[in-house]
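Numbering (our numbering), first residue to last: 54 to 315.
Ideal Cβ placement from N, Cα and C applies to all residues, glycine included.
One structure is given below, encoded as structure tokens.
Encoded structure:
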């Protein structure tokens, strides 16, 4: 139990609360006395910080939402750009293919139009006659020989069909021995193995059907060393006519030094 005087003090303070402050000043240090006020200030500061943080968080969320929208727009733009680039690549490839096709068609056209001169200049074949070429009627002489050979079993139906889609077939006289021979030509701007093989196979079919010697040849603007070796191995002539060869640049006229008389 509290001493009687202490209890009286408590009762007095309960009855006179205005004396509590004076008692606290005497009992507590200044730091402890200041704690309630400082705590209240801290509560206010925390409340202000909390409000500022909420405002900051809301503003950040709004900015993030805008940023997400911008990122999505950027993604869409990048995807559109990728699609456009792919379309451009496809268009460029199509253009390259079209240019290559045009160049190849031009090579074939020029070869057809000049085949007799090419045969004369490159193979020494004269008095030539075109038996088959695109855009021309196939000569009855060749058709008759092919049909007869097929019916007699000398060549197969596939071989007959294949030879009739050759690029060019001619019959001409070889100047060296005055013997008539056939020439089977496959034309391509850039000669490939498939061109060489077709020339060889179709020439063999013509030789079997006609009973005459047949020359297999490929005509092109570009014949790479590998294809040249393949053609040599298969016995196929490779022709790069002068019309397809790049023109030599005109050189500087020779300098003439003046000489003075003694």
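Continuous alpha helix (DSSP H) stretch holding residue i: start and end
i           : result
residue 168 : 168-176
residue 59  : 57-68
residue 199 : 193-204
residue 266 : Where residue 266 is concerned, there is no enclosing alpha helix (DSSP H), given that its DSSP letter is neither H nor E.
residue 230 : Per DSSP, residue 230 belongs to no alpha helix (DSSP H) and is neither H nor E.
residue 216 : 210-216
Distance between beta carbons of residue j and residue i, contact taken as under 8 Å
i           : j           : result
residue 222 : residue 235 : 6 Å
residue 266 : residue 260 : 7 Å
residue 225 : residue 255 : In fact, because the Cβ distance is near 17 Å, the residues do not count as touching under 8 Å.
residue 76  : residue 85  : With a Cβ gap of about 13 Å, residue 76 and residue 85 do not count as contacting.
residue 176 : residue 184 : Residue 176 to residue 184, Cβ: 16 Å. No contact.
Buried versus exposed, by CB contacts within 10 Å (16 or more), residue i
i           : result
residue 121 : exposed
residue 248 : buried
residue 136 : exposed
residue 82  : exposed
residue 216 : buried
residue 189 : exposed
residue 124 : exposed
residue 98  : exposed
residue 108 : exposed
residue 182 : exposed
residue 199 : buried
residue 282 : exposed
residue 280 : buried
residue 168 : buried
residue 325 : The structure shown does not extend to residue 325, since the chain is modelled only from 54 to 315, so the question has no answer here.
residue 270 : buried
residue 90  : exposed
Short Cβ contact (9 Å threshold) for residue i with residue j
i           : j           : result
residue 272 : residue 294 : yes
residue 238 : residue 192 : no
residue 252 : residue 202 : no
residue 244 : residue 291 : yes
residue 160 : residue 277 : no
residue 197 : residue 227 : no
residue 287 : residue 250 : yes
Beta strand (DSSP E) segment containing residue i, residue limits
i           : result
residue 224 : 221-227
residue 237 : 233-240
residue 291 : 290-292
Bridge partners - residue i, DSSP secondary structure assignment
i           : result
residue 297 : Answer is none; residue 297 lacks a bridge partner.
residue 73  : Partner(s): none; residue 73 has no beta bridge.
residue 180 : For residue 180, which the question treats as bridged, DSSP gives no partner whatsoever.
residue 243 : 275
residue 186 : 221
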